[in-house]
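Colleague:
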Amino acid sequence: MILTGGAVSAFNAQAADEINIYSDRQAFLMKPILDAFTEETGIKVNVVFAKSGLIQRLKSEGDNSPADLLLTSNVSNLSRAVDAGVTQEVNDSVINKNVPAKFRDADGQWFGLTTRARVVYASKDRIQPGEFKDYEDLADPKFAGRICTRKGDHTYNIALIASMIAHHGEAEAKQWLEGVKANLARKPQGNDRAQVKAVKEGVCDLAVGNSYYYGKMLTNDEQRAWAESVNIVYPNQEGRGTHVNISGMAMTKSSPNRDVALKLMRFLTEDEAQKIYAEQNFEYPVKAGVEASKLVDHWGEFKADDLPLSKVDSFRKRAAMMVNEVGYNN
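Sequential numbering of the sequence shown, starting at 0, is according to numbering that gives the first Met the number 0.
Below, the structure is given as structure tokens:
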């Protein structure tokens, strides 16, 4: 059962054969996975879907919250849930085996379920193969007036900036961000797909976006031409690798159905659910051995940055401050 808005009262928090989820992941993505879990276990899954505000809702509800699990995108959202005190530790051998250490919290407060790369979309007509290679190139003066991004303080960009701080230190990362701002073709605006559209329209030659949007555009009649106008570039392949982020899960501190919640958490890290995730949203499974969708596989393999996401996220607040300091969105 997928609920929206304030329909929390529809939850039966005490039922031993039910589980209650708060999710900001889109309903169409979660439904086939949760249906498969119900079919296998007989356990009913109730979901409240909201684009924002779920962590605050958990905090406000406190011990009376009916939610067992939080499903969200981006490591920053998971870390915010931990900081808000609404999660609890899970130490489970099955989950720990399926989810690599770099994609889970060292204290067991959250676990990654899928990964997505923060890539650069390069114009097929105006960027030659190999002309752009690394994130550092985004600040190269030769790309002045040729770059499009969404707002710098969006969580996707904050994570990328945080990774630059982690690898280069604050001073060098800030200099880089100032260089990226200087190279922007327009004021930061829109979502990731809007940047690729801008490349198609000749507004810019390079766009920063998440990898799964390439699949979404290629399978959308209106947006296919945008995707076909660009090459997808995985930066830093000759060095540290491309920055990746996750979608993930955390068990709520108040979970009234902990044993059932643990069953679902395990299921979400196993082959069947991981495969559905990959097919539905063009993301990469976190579990080794589970293949990406055929479309994603066609893009080729890439080297991912091995820096643990918990380390990257430790620079999140500094990255957000840096965006304001350089006036990135102005």
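Quick reminder that beta carbons are idealized off the backbone N, C-alpha and C, glycines included.
Exposed or buried, what is V243 when buried is set at 16 or more other beta-carbons lying within 10 Å of its beta-carbon?
Modeller: Classification for V243: buried.
Colleague: Which residue marks the beginning of the alpha helix (DSSP H) containing I94, and which one marks its end?
Modeller: Counting along the chain, the alpha helix (DSSP H) containing I94 begins and ends at 92 to 97.
Colleague: Nearest-angstrom Cα distance between V325 and H167?
Modeller: Distance between the alpha carbons of V325 and H167 is about 17 angstroms.
Colleague: Under three-state DSSP, which class holds A303?
Modeller: Reduced to three states, the DSSP call for A303 is strand.
Colleague: Along the chain, which unbroken stretches of the beta strand (DSSP E) at least 3 residues long are found entirely within the stretch 194 to 273?
Modeller: Segments of the beta strand (DSSP E) lying fully in the stretch 194 to 273: 205 to 209, 229 to 232, 243 to 250.
Colleague: Which whole-angstrom value is the C-beta distance of S64 and L57, which I expect to be below 8 angstroms?
Modeller: Yes, they are in contact, since the Cβ atoms of S64 and L57 sit about 5 angstroms apart, within 8 angstroms.
Colleague: What does DSSP give as the partner residue(s) for S78 in the beta ladder?
Modeller: Note: S78 sits in no beta bridge, so no partner.
Colleague: Please tell me whether V229 and V198 are closer than 7 angstroms, where the distance is taken between their beta carbons.
Modeller: A contact, by the Cβ cut-off of 7 angstroms.
Colleague: Straight-line CA distance for R317 to T37?
Modeller: Near 42 angstroms, if we compare the C-alpha coordinates of T37 and R317.
Colleague: Tell whether a beta-carbon distance below 7 angstroms holds between K328 and K150.
Modeller: Checking the sequence shown, residue 328 turns out to be Asn, not Lys. In contact: N328 and K150 (Cβ atoms closer than 7 angstroms).
Colleague: Give me the Cα-Cα distance between W298 and A272, rounded to the nearest whole angstrom.
Modeller: Their backbone Cα atoms lie some 22 angstroms apart in a straight line.
Colleague: Would you mind sorting M0 into buried or exposed? The rule is 16 or more other CB atoms within 10 Å of its CB.
Modeller: Caution is warranted here: a pLDDT of 49 is assigned to M0, below 50, making its placement in the model unreliable, and the coordinate value is therefore given only provisionally. Its Cβ having fewer than 16 others within 10 Å, M0 is exposed.
Colleague: Might you give, ordered along the chain, the residues of its own chain that have their beta carbon closer than 8 angstroms to the beta carbon of L205, omitting 5 neighbours on each side?
Modeller: Once the five neighbours on either side are set aside, the close Cβ partners of L205 are V119, Y120, A121, S122, I126, F131, L137, F142, R145, I146, C147, V198.
Colleague: In this structure, what does DSSP give as the bridge partners for P284?
Modeller: According to DSSP, P284 bridges with T113.
Colleague: What distance in whole Å lies between the Cβ atoms of T268 and L112, which are believed to be in contact at a cut-off of 8 angstroms?
Modeller: Indeed, because the Cβ distance is near 7 angstroms, the residues count as touching under 8 angstroms.
Colleague: Bridge partners for F103 per DSSP, in chain order?
Modeller: First, the residue type needs correcting, since residue 103 is Arg and not Phe in the sequence shown. Beta-bridge pairing links R103 to F110.
Colleague: Might you give, ordered along the chain, the residues of its own chain that have their beta carbon closer than 7 angstroms to the beta carbon of P187, omitting 5 neighbours on each side?
Modeller: Taken in chain order, the residues that qualify are T148, R149, K150, G151, Y327, N328.
Colleague: Can you tell me whether R24 is buried or exposed? The criterion is at least 16 other CB atoms within 10 Å of its CB, across all chains shown.
Modeller: Buried, because 16 or more other Cβ atoms sit within 10 Å of the Cβ of R24.
Colleague: Just how far apart, CA to CA, sit M29 and P140?
Modeller: Rounded to whole angstroms, M29 to P140 spans 43 angstroms at the Cα level.
Colleague: Please report the residue range of the beta strand (DSSP E) in which K43 lies.
Modeller: First-last of the beta strand (DSSP E) with K43: 43 to 48.
Colleague: Under a three-way DSSP split, which group does E39 fall into?
Modeller: The answer is helix: DSSP assigns E39 an H, G or I state.
Colleague: Sort K180, V44, N73, E237 by Cα distance to D133 and report the nearest one.
Modeller: Per the Cα distances, E237.
Colleague: When we look at the beta-carbon of P255 and count the other beta-carbons within 10 Å, is it buried (16 or more) or exposed?
Modeller: Counting Cβ neighbours within 10 Å, P255 comes out buried, since at least 16 surround it.
Colleague: Using the beta-carbon count (16 or more within 10 Å), is P128 buried or exposed?
Modeller: P128 is exposed by the Cβ-count criterion.
Colleague: Can you say whether M320 is buried or exposed, counting buried as having 16 or more other CB atoms within 10 angstroms of its CB?
Modeller: The residue is exposed, with fewer than 16 neighbouring Cβ atoms inside 10 Å.
Colleague: Do you know how far the Cα of L68 is from the Cα of I20?
Modeller: Computed Cα separation, rounded: 5 angstroms.
Colleague: According to DSSP, what are the bridge partners of I275?
Modeller: None; I275 has no bridge partner.
Colleague: With DSSP run on the structure shown, which of helix, strand or coil describes Y134?
Modeller: Residue state, collapsed to three classes: helix.
Colleague: Checking the sheet assignment: what are the DSSP bridge partners for E399?
Modeller: In the structure as shown, the chain starts at 0 and stops at 329, and residue 399 therefore has no counterpart that could be examined.
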